[in-house]
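Student:
Number of protein chains: 2
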Amino acid sequence: MASSVRDVAREAGVSVGTVSNVLNRPEKVSPSTIERVTAAIERLGFVRNDAARQLRAGRSRTIGLVVLDTRNPFFTDLAHGAQARTLDAGFTVLLGGSDESSEREAALLDLFEEHRVAGLLISPVRTDLSRLRRLREAGTPVVLVDRGSSDLSFSSVSVDDVEGGRVAVQHLIDIGRKRIAFIGGPLSIEQVAQRFKGAQTATAAHADVALVAHSTNALTVSEGRRIGEQILAVPAGDRPDAIFAANDLLALGVIQALALNRSLRIPDDIALVGYDDIDFASAAAVPLTSVRQPATEIGATAIELLMREAGGDHAPEQVVFQPQLITRFSTLGQSAHEASRGQPTEV
Amino acid sequence: MASSVRDVAREAGVSVGTVSNVLNRPEKVSPSTIERVTAAIERLGFVRNDAARQLRAGRSRTIGLVVLDTRNPFFTDLAHGAQARTLDAGFTVLLGGSDESSEREAALLDLFEEHRVAGLLISPVRTDLSRLRRLREAGTPVVLVDRGSSDLSFSSVSVDDVEGGRVAVQHLIDIGRKRIAFIGGPLSIEQVAQRFKGAQTATAAHADVALVAHSTNALTVSEGRRIGEQILAVPAGDRPDAIFAANDLLALGVIQALALNRSLRIPDDIALVGYDDIDFASAAAVPLTSVRQPATEIGATAIELLMREAGGDHAPEQVVFQPQLITRFSTLGQSAHEASRGQPTEV
DNA sequence: TCGCAAGAATGAAACGATTCATAATCGGAG
DNA sequence: CTCCGATTATGAATCGTTTCATTCTTGCGA
Chain A
1 MASSVRDVAR EAGVSVGTVS NVLNRPEKVS PSTIERVTAA IERLGFVRND
51 AARQLRAGRS RTIGLVVLDT RNPFFTDLAH GAQARTLDAG FTVLLGGSDE
101 SSEREAALLD LFEEHRVAGL LISPVRTDLS RLRRLREAGT PVVLVDRGSS
151 DLSFSSVSVD DVEGGRVAVQ HLIDIGRKRI AFIGGPLSIE QVAQRFKGAQ
201 TATAAHADVA LVAHSTNALT VSEGRRIGEQ ILAVPAGDRP DAIFAANDLL
251 ALGVIQALAL NRSLRIPDDI ALVGYDDIDF ASAAAVPLTS VRQPATEIGA
301 TAIELLMREA GGDHAPEQVV FQPQLITRFS TLGQSAHEAS RGQPTEV
Chain B
348 MASSVRDVAR EAGVSVGTVS NVLNRPEKVS PSTIERVTAA IERLGFVRND
398 AARQLRAGRS RTIGLVVLDT RNPFFTDLAH GAQARTLDAG FTVLLGGSDE
448 SSEREAALLD LFEEHRVAGL LISPVRTDLS RLRRLREAGT PVVLVDRGSS
498 DLSFSSVSVD DVEGGRVAVQ HLIDIGRKRI AFIGGPLSIE QVAQRFKGAQ
548 TATAAHADVA LVAHSTNALT VSEGRRIGEQ ILAVPAGDRP DAIFAANDLL
598 ALGVIQALAL NRSLRIPDDI ALVGYDDIDF ASAAAVPLTS VRQPATEIGA
648 TAIELLMREA GGDHAPEQVV FQPQLITRFS TLGQSAHEAS RGQPTEV
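Protein chains in written order, with my numbering: chain A, 1 to 347; chain B, 348 to 694.
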């Protein structure tokens, strides 16, 4: 049923080489021949077989992207940015979610490796990068996304998560909170660890401020809800007066849980800061103060670094964006609607 | 750098055929040979070349999924369902977003066709299905998702959108609204047209209820915001007293826009119903009444139909799920927190 | 008319895994 | 000790595209 260049060649009365040239270097072929071949292609409904093409080329025209969670709008936006930046170059982005599981991540890498992807963008689950190192040595350019490369051995596009954690918690301290809960996990995820470290940095300078970590199994709405319920179960006097969630999904889950107790108010009783500033944060039941990361730009930049890496044997390059605290009702309450004080405020 | 079966064969002192057998039918190979080959593979870091494998096989082990918007959580969930259902079968889902553009959709189909995908799941932009028909005739099973096949010529998994539109608007009528605005578009998208049709059905029986359609260019938050602002600009007396948005993203945009006018209240002045019941609907600034579709299940079922279609030459099969109205604050106001009246209510 | 350079077209070889008809090997029955 | 069937292993052929060293055409100047 499916026709090949050979069929097209026969139909057009030319050689297979010529058909290939029409497809790939039309400037090498005379106009009349091009037309004849094009007509034959049309008539036969010929469609290039990508597998054969790749086999010959040795590499695919696909770039693998492994993220922690394909349902998290932050990563969706990141993927969108990568995709867009990739279109013109004629590449395709193959997206996979590791669901924060090392096994799933390994399976995706297997898949991408068998696919001979032209490059790999990854937000790794574990800190161990040996497999990525091997991959790169085998000739596949690798760029870490949303995550720095501590030893600078990889190119990476990230946001300063320590700083992000710091400004989030500093903000909570600024509005007078003393008993701060950090929720997020597992800590094996670099981003989570860094944000927590930033939180510690901020509290370190204040002897009267306590920071307690609640570990989650994943960065999802339902985990947020779970921890939220746990916090609700604590006697009112012992509850934290502020929560810093490692991402917005967790924070939204917390909002949902806290809404169950109608006498508890955000931010009066508990202030809340999220992370990522996904689109839904500003439209949340309680508009969420959050640390914004430029998701789309991260994706686009990662592709750029990848291309550069694929070009020559560049030294790895680190791009670090600065996070930006967006304050809203969940920490400022009514005053969120008033003029901002140097910090960006959005309603 | 990359090694082939030939290298492995040499290293293990066997023939290429045997290596292939170890990989694909180990039961045909003696244990000792398996071990020798496995060791060689390990030593060489051999990774199967998928392109070569596919070339020989004629088809890839990939299933293409084309959705309208990769950033819409509804489709993300749908993709997740498909992915999950596909894993065991050893297939991969390749996800692409058409962004509601026919050109982009065509480009994705080109890509998938060159890839010789094993099957195609698609939520088409246009009503014209001729290309899909051709694709199927060429041997690629096709299943429509989130969209019925009016002439029953394709297998499809959908939700009864007419009914969904009807219950949404009936609910608005039940709570006493008379001037209802439908927002959504373009109408060339089947789902949107169906939901509107359902809305008309509901209003038809009530002479005193008016239905006005506001056409959007896309089903996104920003388009929702735009229409919301338009509605705000209308003199208070002429404004609709209810809005039915064709999806939740639009509805969230409307909420954001209406929030600009602090004297206008949801649902008192304008009630609002969305569609899809994405996770964020319940956590929205105004918890959103919405028509729920079982996104994950749709994806999973679509894969099942696809497999069946790929098996024998089945007659096309239509699976239609029933939508479910979830009522929340955006239509019921305070009473949303009270006991439900037969209709599912969630807070 | 001949020779020649530039332009166009050719087709065999190569990419790497899989298949399958054929060959080798082995163990046990007679 | 042979022979036979069953179990394993072999390797050439194949999938479809691209590449590239060759060959074939042209048109034109000498």
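Quick reminder that beta carbons are idealized off the backbone N, C-alpha and C, glycines included. Keep in mind it's a predicted model, so treat the numbers as computed, not measured.
1. For the candidate residues A:G237, A:I255 and A:A236, whose alpha-carbon lies nearest to that of A:F244?
2. Out of curiosity, what's the CA-to-CA distance linking B:L441 and B:I650?
3. What's the call for B:A404, buried or exposed, on a 16-neighbour Cβ count within 10 Å?
4. Mind checking the segment 283-316 of chain A against chain B and listing, in chain order, the residues whose C-beta falls within less than 7 angstroms of any C-beta there?
5. What residues in its chain sit with their C-beta under 8 angstroms from that of B:A546, if we drop five residues either side in the sequence?
6. Counting contacts by CB-CB distance shorter than 9 angstroms, is B:S407 in contact with chain A?
7. Taking just the CA atoms, how far does B:S497 sit from B:R688?
8. Under 6 angstroms Cβ to Cβ from B:A541, same chain only, skipping five residues before and after it: list those, please.
9. At a CB distance below 8 angstroms, what residues from the segment 215-239 of chain A approach chain B? Give them in sequence order.
10. Between B:T487, B:L468 and B:G532, which has its C-alpha nearest B:S503's C-alpha?
11. Quick one, are the C-beta atoms of A:E113 and A:L132 less than 9 angstroms apart?
12. I need the boundaries of the alpha helix (DSSP H) containing A:V22, first residue and last residue.
13. A:S32 to B:A453, Cα distance in whole Å?
14. So if I threshold CB-CB distances at 7 angstroms, which residues from the segment 319-340 of chain A count as touching chain B?
15. Cutting at 8 angstroms between CB atoms, please list the residues of its own chain near A:L44, excluding the five before and the five after it.
16. Check the Cβ-Cβ distances between B:G466 and every residue of chain A, and say whether any is below 9 angstroms.
17. Out of curiosity, what's the CA-to-CA distance linking A:T331 and B:Q577?
18. Opposite B:H561 in the DSSP bridges: which residues?
19. What whole-angstrom Cβ distance do A:P186 and A:A310 have, given they're in contact under 8 angstroms?
20. Pick from B:I388, B:P587 and B:R572: whose alpha carbon is nearest that of B:G600?
21. The beta strand (DSSP E) with B:R639 in it runs from where to where?
22. The segment 425-442 of chain B: which residues have C-beta closer than 9 angstroms to a C-beta of chain A, in chain order?
23. How would you call A:R262, buried or exposed, if buried means at least 16 neighbouring beta carbons within 10 angstroms?
24. Which chain A residues are close to B:I602, counting only those with a beta carbon under 7 angstroms from its beta carbon?
25. Our contact map puts A:L108 next to A:V66 with C-beta atoms below 8 angstroms; I'd like the distance itself, whole angstroms only.
26. If contact means a Cβ-Cβ distance below 9 angstroms, which residues of the segment 467-489 of chain B contact chain A?
27. Near A:V221, what residues of its chain come up, given a Cβ to Cβ distance below 6 angstroms and the 5 sequence neighbours on each side ignored?
28. Closer than 7 angstroms by beta-carbon distance: list the chain B residues that pair up with A:E190, in chain order.
29. Can you tell me which of the three DSSP states A:T140 falls into?
30. Comparing alpha-carbon positions, which option in B:I613, B:D626 and B:G523 lies nearest B:G575?
31. To the nearest angstrom, how far is it from the Cα of B:P420 to the Cα of B:L605?
32. Under the rule that 16 or more other beta-carbon atoms within 10 Å means buried, what is A:S123, buried or exposed?
33. By a C-beta neighbour count over all protein chains shown, 10 Å radius and 16 as the cutoff for buried, is A:V347 buried or exposed?
34. If you measure between the beta carbons of B:V506 and B:V667, is that distance less than 9 angstroms?
35. Any idea what DSSP makes of B:Q681, helix, strand or coil?
36. Can you look up A:S158 in the DSSP assignment and give me helix, strand or coil?
Tutor: Taking the geometry as given:
1. A:I255
2. 13 angstroms
3. exposed
4. A283, A284, A285 and P287
5. G512, R513, A515, V516, I527, F529, L558 and F591
6. yes
7. Below a pLDDT of 50, predicted positions are generally treated as unreliable, and B:R688, at 42, falls in that range; the measurement from the model is reported next regardless. Cα-Cα distance, rounded: 34 angstroms.
8. It should be pointed out that residue 541 of chain B corresponds to Gln in this sequence rather than to Ala. If we look at B:Q541 and ignore the five residues flanking it on each side, its Cβ neighbours are D508 and V509.
9. V221
10. B:L468
11. no
12. V16 to N24
13. 28 angstroms
14. none
15. S3, D7, V8 and E11
16. no
17. 31 angstroms
18. B:I530
19. Contact doesn't hold; Cβ gap of about 32 angstroms is too wide.
20. B:R572
21. T636 to R639
22. A426, H427, Q430, L434, T439, L441 and L442
23. exposed
24. A283
25. 5 angstroms
26. R481, E484, A485 and G486
27. L249, L252 and G253
28. In chain order: nothing, as chain B lies at least about 24 angstroms away.
29. coil
30. B:I613
31. 23 angstroms
32. buried
33. Low confidence applies here, because A:V347 scores a pLDDT of 44, under 50, leaving its location unreliable and the question unanswered by this model.
34. yes
35. helix
36. strand
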